[in-house]
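J.: Structure incoming, see below.
In our numbering, the protein residues as written are 538 to 953.
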């Protein structure tokens, strides 16, 4: 590749000397020279030859001196590298030149061997910088493209070409969120294709934005359902707290989404959310030909079953005891000891609550009624009945009252 050097000097013999001394490099097409007599002519020459790589310039020149030209070169977007060659070798001029972006400084009379070495060294430096900028631009383009499809941390790792252990399949403690939509199958069968596409694009895009805002990783999107991981691929000491905060933010966004589409005449179902924490196999399960960063194991299955449990319970968010206990300052109320499908041992579940709801008198009433239910106190039924009588819109209190009316005892709930 031929490098282009602009020589700016008002000495009439310099052009002939440069062409003579660098004839071998010119013949081998390593360097091409262009010339200007002062700063004004130099700027005009750069406009005609924007591919100029290096400017070699004198300080003392008519119309625009070398130091003024240096300042102009630094104002340009492409910021040309420069070498000062001048008879004025005092420290003041050298410092001014360096402060204005000069790469090196030579004094006259010109030692052409020194000039050649300095030009080649500077061109090498320019090429290193150019390659670094090219790689950075490629990385930024790759990251921007990958960010459309992957969580930010995965996109960063993929764009950087990281091949560390965190991307390999291994056991890892994670918090998992599963979401699903009630009545989505019926909506698919009745909605126009264009409406359904707009719905899903807005819905999945909105939920994904919420997940990314909480630094979560979207592991899977399957139709209307998403699976989210925390504490993967990077360590997050507060992953349980993040997962519950994210679940509540997802619920808030999904309810606002439902309201917007209801005004358009579309009955979009509620989003059910399950959250659990524990060990899982996490990593890229796609091999070398396909990237599929996801998680498998009992922890994942439990989160999915907690999501499904909301349907029977009348809740929208159901979180396990393990994630609630691990979260900082968890605000919620107990649901019961769920015996999930395919399990024999119960799992204590909770419903997280907004701070305003958690501090309301109704939550205290619920806690009192649940304590009676847990101790199999006969007063549990009237306690829940009183709660439902005042707060008829509390589905969980209504659920427990129905269980009691049907002869259920204690907090154990078997879900099929």
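Every residue, glycine too, gets a C-beta built ideally from N, C-alpha and C. Predicted model only: the values in this text are computed from it and were never measured.
Would the region 775-793 count as touching the region 662-673 if we require 3 or more Cβ pairs under 8 Å?
T.: Touching, no.
J.: Do you know offhand how far residue 803's Cα is from residue 915's?
T.: When rounded, the distance between both Cα atoms is 44 Å.
J.: Given that a residue counts as buried once 16 or more other Cβ atoms are within 10 Å of its Cβ, and exposed if not, what is residue 759?
T.: exposed
J.: If contact is defined by three or more beta carbon pairs under 8 Å, each pair taking one atom from either stretch, is the region 853-860 in contact with the region 933-951?
T.: no
J.: Classify residue 927: buried if its beta carbon has 16 or more other beta carbons within 10 angstroms, exposed otherwise.
T.: exposed
J.: One question on the structure: do residue 836 and residue 814 come within less than 9 Å of each other, judged by their Cβ atoms?
T.: yes
J.: Checking 9 Å against the spacing of the C-beta atoms, do residue 845 and residue 952 come in under that value?
T.: For residue 845 and residue 952, yes; Cβs fall inside 9 Å.
J.: Quick check on the DSSP output: the alpha helix (DSSP H) that includes residue 812 runs from which residue to which?
T.: Element bounds for residue 812: not the alpha helix (DSSP H) but the beta strand (DSSP E), 808-821.
J.: So, for residue 869: in the same chain, excluding its five sequence neighbours on each side, which residues have a beta-carbon less than 6 Å away from its beta-carbon?
T.: 887, 888, 889, 890
J.: Given a cut-off of 9 Å on the beta-carbon distance, is the pair residue 748 and residue 819 in contact?
T.: no
J.: Please report the straight-line C-alpha distance between residue 550 and residue 569, rounded to a whole angstrom.
T.: One C-alpha to the other measures close to 18 Å.
J.: Tell me, please, whether the CB atom of residue 642 is closer than 9 Å to any CB atom in chain D?
T.: No chain D appears in the structure shown, which is made up of a single protein chain.
J.: Who are residue 568's beta bridge partners in DSSP?
T.: 540
J.: Going by DSSP in three states, residue 854 sits in which element: helix, strand or coil?
T.: strand
J.: Round the Cβ separation of residue 856 and residue 781 to the nearest angstrom and send it over; I've been treating them as touching at under 8 Å.
T.: 6 Å
J.: With contact counted as at least three CB pairs below 8 Å, one residue from each stretch, are the region 626-639 and the region 647-654 in contact?
T.: Not touching, per the Cβ criterion.
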